[in-house]
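Notes follow once the structure below has been shown.
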Ligand code: FAD
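In this note's numbering, the protein residues as written are 31 to 362.
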């Protein structure tokens, strides 16, 4: 393999029901930065059926080239044809860097594609940078049970591939003056590539909490004390127009549903305001919220690790402080 033959940055654009997923726009933002540092092009690849009209939106978010793979067997996400399509695009384009969202779809096809093109993949990254001199992608993710943050490189193979957690990168502002090319790519798909038959698609009944999109998160930890006490957090969330999330201790205790867990094995969030209530600040929790704009921590232990990442700290009993704050804001 000649590493120098590989050029540019390619972002896999995840669409569900023909809607571009937010993580893909976030990766275009990061991809743009990496491409600029390398002096290369940023491309996006979108795979599906009836998705070509989404290409413009990707250009508005920073892509200079959009590669569209269209086929009727791509109507619903199915592992095999999507893997084949992305593999063929990478073989043809030879990008230096490939970024994929660490969603259930990205985690499914990312490793399969990397195996087929004989390169490495760093999964579940929480930060990315590029060494402009060596052109190596510095891919950072929690390792050893979340006890350290490891920065991983892929020195001898290309592309350098990474799946990246939703919510950690910033998307660019939509700019309709950006221009780019749209290219339709024939991945050589045939109906026989669809190796499963989709009998029925059942939509989940329960409305999932979407804590990744909330601007304000009131997050509870074991220090909240009980499931009943969580109501104080919901009160505060209501006055601040936010959502309630929690640490793993709270989820394990059954005080909140799993889709509200913040951290290494939960969601990564980046709200404007994150209020940590009775959360100790374990590294596995902090990994999921440290990029928040403003972090306020309430904890009765003045030495709690959460105060190290907080912009503002309140030492005290969460059961007293949270209702007072909610009351104060309500009356203001
Ligand atoms: P504790 O650590 O028990 O902290 C409770 C805090 O509340 C303490 O600081 C205490 O001083 C304070 N407190 C107590 N009473 C009050 C009061 N009345 N008023 C104010 N403060 C009070 N954790 C996550 O959160 N997310 C993850 O995704 C995650 N993934 C993990 C993955 C792995 C592989 C491992 C090993 C662990 C993971 N954890 C995760 C668990 C993590 O290590 C911690 O155990 C967990 O975050 C602790 O939750 P906590 O801060 O709510 O509880």
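Heads up, the beta-carbon is just placed ideally off N, CA and C, and yes, glycines get one too.
For residue 137, the nearest candidate out of 107, 158 and 164 (CA to CA): If we check each option's Cα against that of residue 137, 107 comes out closest.
The ligand FAD heavy atom lying under 7 angstroms from the CB of residue 330: Set against 7 angstroms, the gap from the CB of residue 330 to the closest heavy atom of the ligand FAD is smaller.
Heavy atom of the ligand FAD within 7 angstroms of residue 309 beta-carbon: Placement of the Cβ of residue 309 at a distance of less than 7 angstroms from at least one heavy atom of the ligand FAD is found.
With 16 other Cβ atoms within 10 Å as the buried cut-off, status of residue 338: Residue 338 should be labelled exposed.
Proximity test, residue 343 beta-carbon vs the ligand FAD heavy atom, cut-off 7 angstroms: No, the beta carbon of residue 343 sits no closer than 7 angstroms to any heavy atom of the ligand FAD.
Beta-bridge pairing of residue 95 - partner residues as DSSP gives them: Partner(s): 73 and 211.
Neighbourhood of residue 55 by C-beta distance below 6 angstroms, restricted to the same chain and skipping five residues each side: Excluding residues within five positions, the ones whose Cβ falls inside 6 angstroms are 91 and 201.
Spatially closest choice to residue 259 from 215, 347 and 209, by CA coordinates: Comparing Cα-Cα distances from residue 259 to each of 215, 347 and 209, the minimum goes to 347.
Per-residue DSSP class, three states only, for residue 206: Residue 206 sits in coil when the DSSP states are folded into three classes, being neither helix nor strand.
Beta-bridge pairing of residue 327 - partner residues as DSSP gives them: Per DSSP, 306 and 343.
Validate contact between the segment 171 to 186 and the segment 302 to 316 using beta carbons, cut 8 angstroms, 3 pairs: A contact exists between the segment 171 to 186 and the segment 302 to 316.
Three-state secondary structure assigned by DSSP to residue 89: Residue state, collapsed to three classes: helix.
Alpha-carbon spacing of residue 355 relative to residue 184, whole angstroms: If I take the Cα positions, the gap works out to 49 angstroms.
Residue burial classification, residue 265 (beta-carbon count within 10 angstroms, cutoff 16): The residue is buried, with at least 16 neighbouring Cβ atoms inside 10 Å.
For residue 155, the residue or residues it bridges with in DSSP: According to DSSP, residue 155 bridges with 194.
Beta strand (DSSP E) runs wholly inside the segment 97 to 168, at least 3 long, in chain order: Those beta strand (DSSP E) runs which fall completely within the segment 97 to 168 and span 3+ residues are 127 to 131, 151 to 155 and 157 to 161.
Continuous beta strand (DSSP E) stretch holding residue 247: start and end: Taken as a continuous stretch (DSSP letters only), the beta strand (DSSP E) holding residue 247 covers 246 to 250.
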